[in-house]
Amino acid sequence: MIVALVQAEDWVAEAIADLPAFLRQHIDNLDFQVRPWPTPAEKRAAGVPEHHDLLGLYRGIPLTQRTSGYNLVPPDIIFIFQGPIEAHTDGSPVAIRELIRHTVWHEIAHHFGISDDRLRELGAY
1 MIVALVQAED
11 WVAEAIADLP
21 AFLRQHIDNL
31 DFQVRPWPTP
41 AEKRAAGVPE
51 HHDLLGLYRG
61 IPLTQRTSGY
71 NLVPPDIIFI
81 FQGPIEAHTD
91 GSPVAIRELI
101 RHTVWHEIAH
111 HFGISDDRLR
121 ELGAY
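Below, the structure is given as structure tokens:
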């Protein structure tokens, strides 16, 4: 890895802290984990072809799909995959930090029930 794991984790925390307060208040049952690479099973589950990269993954029940019976459940998880993120940059810490931020916000959008198609419509890519 180009940057230390602890640095990547700090940048994830920074991206979360930079969210507007009205969004941050809705991510209290959401865990963030930085991992080196996704597993083949995670890539398959996300519909990512074998030779493509997966930068992040939201695993959970989006807020838009939760019912009144949603309680006492383990937290949803957002995985941030450091290796693919670094591979998609020029390797500079500034570029890695920015792509981590973009990926965190992208995965949080899925937590809020926003699909990839809708993110494209909104110009988030």
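Numbering of the sequence shown is given in the working numbering, commencing with residue 1 and proceeding in unit increments. For each residue, glycine too, the CB sits at the ideal point set by N, CA and C. This one's a predicted model, so the numbers in the text were calculated from it and none came from an experiment.
Nearest candidate by alpha-carbon position, reference residue i, set the options
i, options, result
"Pro74", "Pro20, Leu122, Phe32 and Thr64", "Phe32"
"Ala45", "Arg120, Gly56 and Ser68", "Gly56"
"Ile61", "His88, Leu122, Ala4 and Ile114", "Ile114"
"Ala87", "Ile78, Ile100 and Ile77", "Ile100"
"Arg59", "Phe22, His111 and Glu98", "His111"
"Ala15", "Pro40, His52 and Ile78", "Ile78"
For residue i, the residue or residues it bridges with in DSSP
i, result
"Leu122", "DSSP output for Leu122 lists no bridge partner at all."
"Tyr58", "Ile78"
Nearest-angstrom Cα separation, counted from residue j out to residue i
i, j, result
"Glu208", "Leu72", "The requested residue 208 does not occur in the structure, where the chain is confined to residues 1 to 125."
"Met1", "Glu107", "22 Å"
"Arg42", "Ala124", "Just to set this straight, residue 42 is Glu in the shown sequence, not Arg. The straight-line gap from Cα to Cα measures roughly 23 Å."
"Leu19", "Arg97", "15 Å"
"Leu23", "Ala95", "25 Å"
"Val3", "Trp11", "11 Å"
"Val48", "Ser92", "26 Å"
"Arg118", "Thr89", "25 Å"
"His52", "Pro40", "11 Å"
Where the beta strand (DSSP E) containing residue i begins and where it ends
i, result
"Val34", "Leu30 to Arg35"
Sequence-distant residues of its chain with Cβ nearer than 6 Å to residue i (five each side left out)
i, result
"Pro36", "Gln82 and Gly83"
Chain-order list of residues whose beta-carbon lies under 7 Å from that of residue i (same chain, five-residue window excluded)
i, result
"Thr103", "Leu55, Gly56, Ile80 and Ile85"
Limits of the unbroken alpha helix (DSSP H) element including residue i
i, result
"Val12", "Leu5 to Ala17"
"Ala46", "Premise fails: Ala46 is in no alpha helix (DSSP H) and is neither H nor E."
"Arg66", "Where Arg66 is concerned, there is no enclosing alpha helix (DSSP H), given that its DSSP letter is neither H nor E."
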